[in-house]
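In full-length UniProt numbering, the protein residues as written are 1 to 286.
As structure tokens, this is what we get:
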């Protein structure tokens with residue numbers, strides 16, 4: 001088995017920008033899959049092909065029977081499963097890093113503009129008369145990407161990426177559970193009968209440690225089902241509640257949008273209309 005430390009560090013970074021359920025999912029992935037797979041499961045399947053024996057002396061018969069019994073090794077199958085279910089999370093982490101980088105660039109540009117504005121204010125008398133203040137009055141500042149605790153806010157495009165991340169993780173989990181069932185089931189029998197060429201007839205082949213391997217197969221299946229349930233819970237937690245929140249916000253404008261439209265929160269009268277009447281009252285009569 002290779003070194004999982006690099007993947008572990010990436011998943012640890014992604015855990016900082018996940019929901020509570022997402023953090024539990026990453027813990028289940030790292031402890032009950034990666035650590036168990038690297039520490040124990042490899043030892044159980046270390047003698048998989050060498051101890052797969054058949055009661056025949058026909059050259060090549062054992063190899064083709066092993067290939068028929070195990071199209072892909074359980075260990076390699078679970079490694080592929082971990083890689084596939086981790087990939088959407090890594091893509092989400094890349095989106096988070098991109099947003100953080102763009103926010104840093106935006107702050108740098110704002111700092112440069114602020115310094116340039118202070119320099120012009122010292123040399124241009126128009127700034128003192130308030131002439132240049134009206135250029136950006138209607139510009140709406142972007143909301144901060146971090147909350148008061150310094151954590152990334154999961155909303156907007158980042159929220160959509162996070163939801164797609166959960167959906168694809170769910171699809172991969174279901175696909176690998178079904179794939180494992182159709183490839184070799186969830187139970188290993190000690191005796192496997194094989195009649196594949198070049199075996200002279202139907203031969204009996206014997207699998208080493210079938211009970212121990214079955215226990216690991218069931219354990220990994222339970223962990224996959226737990227991960228699947230966590231994904232479904234997170235889809236409900238994010239998707240359903242955000243849909244309800246979006247429907248509510250569609251009919252109830254927030255105070256910030258009402259102020260931008262020229263209305264005060266709780267007041268349906270337009271501010272520009274009152275202003276125009278006061279201006280017309282100040283005009284001299286002809």
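Heads up, the beta-carbon is just placed ideally off N, CA and C, and yes, glycines get one too.
Between the CA atoms of residue j and residue i - distance to the nearest angstrom
i: residue 45; j: residue 213; result: 8 Å
i: residue 231; j: residue 173; result: 9 Å
i: residue 222; j: residue 179; result: 15 Å
i: residue 82; j: residue 33; result: 8 Å
i: residue 52; j: residue 76; result: 17 Å
i: residue 107; j: residue 229; result: 40 Å
i: residue 111; j: residue 105; result: 10 Å
i: residue 113; j: residue 156; result: 27 Å
i: residue 101; j: residue 109; result: 13 Å
i: residue 97; j: residue 50; result: 46 Å
7 Å Cβ shell around residue i - same chain, five flanking residues per side excluded
i: residue 187; result: 214
i: residue 61; result: 54, 198, 199, 203
i: residue 226; result: 28
i: residue 58; result: 198, 199, 200
i: residue 220; result: 78
i: residue 210; result: 188, 189, 190
Any chain D beta carbon closer than 8 Å to residue i
i: residue 40; result: Within the model displayed, chain D is absent; a lone protein chain is all it includes.
Sub-8 Å separation of residue i and residue j beta-carbons
i: residue 192; j: residue 205; result: yes
i: residue 54; j: residue 196; result: no
i: residue 31; j: residue 233; result: no
i: residue 161; j: residue 237; result: no
i: residue 78; j: residue 35; result: no
i: residue 99; j: residue 159; result: no
i: residue 43; j: residue 194; result: no
Own chain, CB closer than 6 Å to residue i, minus 5 neighbours either side, in chain order
i: residue 88; result: 165, 168, 169
i: residue 176; result: 81
i: residue 19; result: none
i: residue 116; result: none
Residue closest to residue i, alpha-carbon to alpha-carbon, out of the options
i: residue 74; options: 190, 233, 234, 181; result: 181
i: residue 23; options: 78, 86, 51; result: 86
i: residue 71; options: 56, 84, 48; result: 48
i: residue 40; options: 224, 217, 158; result: 217
i: residue 208; options: 190, 194, 220, 224; result: 190
i: residue 91; options: 229, 235, 163, 211; result: 163
i: residue 84; options: 235, 109, 171; result: 171
Nonlocal neighbours in the same chain, by C-beta distance under 8 Å from residue i, ignoring five residues either side
i: residue 56; result: 62, 199, 200, 203
i: residue 235; result: 163, 166, 167, 170
i: residue 224; result: 81, 173, 176, 177
i: residue 284; result: The predicted model places residue 284 with a pLDDT of 46, which falls under 50 and marks its position as unreliable, so this point remains unresolved.
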